[in-house]
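Under my numbering, residues 203 to 335 are what the sequence shown spells out, in order.
Idealized CB from N, CA, C, for every residue including glycine.
Shown next, in structure tokens, is the structure this report addresses.
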Amino acid sequence: MMQALYYDRDGRPVSRQRWQRLGRQPGYSRVGYADAIRHGQQVTVITFWSGIAGDGPDGPLIFCTCAGIRAPGGRHPAYQRLWGWPDLAAARAGHQAITAWIAGLADFLAGHANQLPAPDPALPGPPPAGERR
203 MMQALYYDRD GRPVSRQRWQ RLGRQPGYSR VGYADAIRHG QQVTVITFWS GIAGDGPDGP
263 LIFCTCAGIR APGGRHPAYQ RLWGWPDLAA ARAGHQAITA WIAGLADFLA GHANQLPAPD
323 PALPGPPPAG ERR
């Protein structure tokens with residue numbers, strides 16, 4: 203079965219023209235944004251609707267979270283990572299989990315925590331096939 207290329211926020215396939223119109227609507231793509239200075243490091247987490255299908259085990263990933271840590275004014279992040287989500291609920295929950303997780307990582311990198319956080323944030327929902335949480 204061929205997968206659609208473009209989706210609205212509800213996961214319904216749309217034409218490229220409709221996808222472009224949706225993307226121009228103020229606030230339509232924004233799901234979450236967190237930006238703070240922790241121990242001299244800028245910590246940023248942005249979650250948004252892209253509407254462009256990425257491959258996921260449970261269907262297209264149409265939302266994305268980007269997280270990074272960098273020195274203020276730094277050109278390159280000390281750490282950055284991306285996650286994909288199949289729906290708005292997962293994107294919102296993932297944004298919250300990643301925001302908390304990366305704050306702990308920033309604390310550790312700055313020497314303000316004795317233990318390295320788990321290698322991955324504690325994401326909501328069932329684990330991917332073959333993985334235990």
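N- and C-terminal bounds of the alpha helix (DSSP H) containing GLN298: Segment 290 to 311, the alpha helix (DSSP H) holding GLN298.
Bounding residues of the beta strand (DSSP E) (the contiguous stretch that carries ARG232): ARG232 -> beta strand (DSSP E) spans 232 to 240.
Cβ shell of LEU307 (< 6 Å), same chain only, five flanking positions each side left out: PRO319.
Test item: CB-CB of SER217 and TYR230 under 8 Å: Contact annotation: SER217 and TYR230 have beta-carbon atoms that are not nearer than 8 Å.
Expected contact under 8 Å - CB spacing of GLY242 and ALA305 to nearest Å: With a Cβ gap of about 14 Å, GLY242 and ALA305 do not count as contacting.
Candidates ASP210, GLN244 and PRO259: closest to GLN282 by CA position: When the alpha-carbon of GLN282 is set against those of ASP210, GLN244 and PRO259, the nearest one is in GLN244.
Own chain, CB closer than 6 Å to GLU333, minus 5 neighbours either side, in chain order: Per-residue confidence for GLU333 stands at a pLDDT of 41, beneath the threshold of 50, marking its modelled position as unreliable; the derived number appears in the next sentence. Nothing listed; no residue qualifies.
Length of the line joining the Cα atoms of HIS314 and TRP285: Linking HIS314 to TRP285 through their CA atoms gives a straight-line distance of about 26 Å.
Close-in-space but distant-in-sequence residues of the same chain around GLY270 (CB under 7 Å, 5 per side omitted): The residues THR246, PRO279, TYR281 and GLN282, in chain order, have a CB closer than 7 Å to that of GLY270 in the same chain once the five nearest residues on each side in sequence are set aside.
Distance, LEU325 Cα to GLY296 Cα: Those two C-alpha atoms are separated by around 6 Å.
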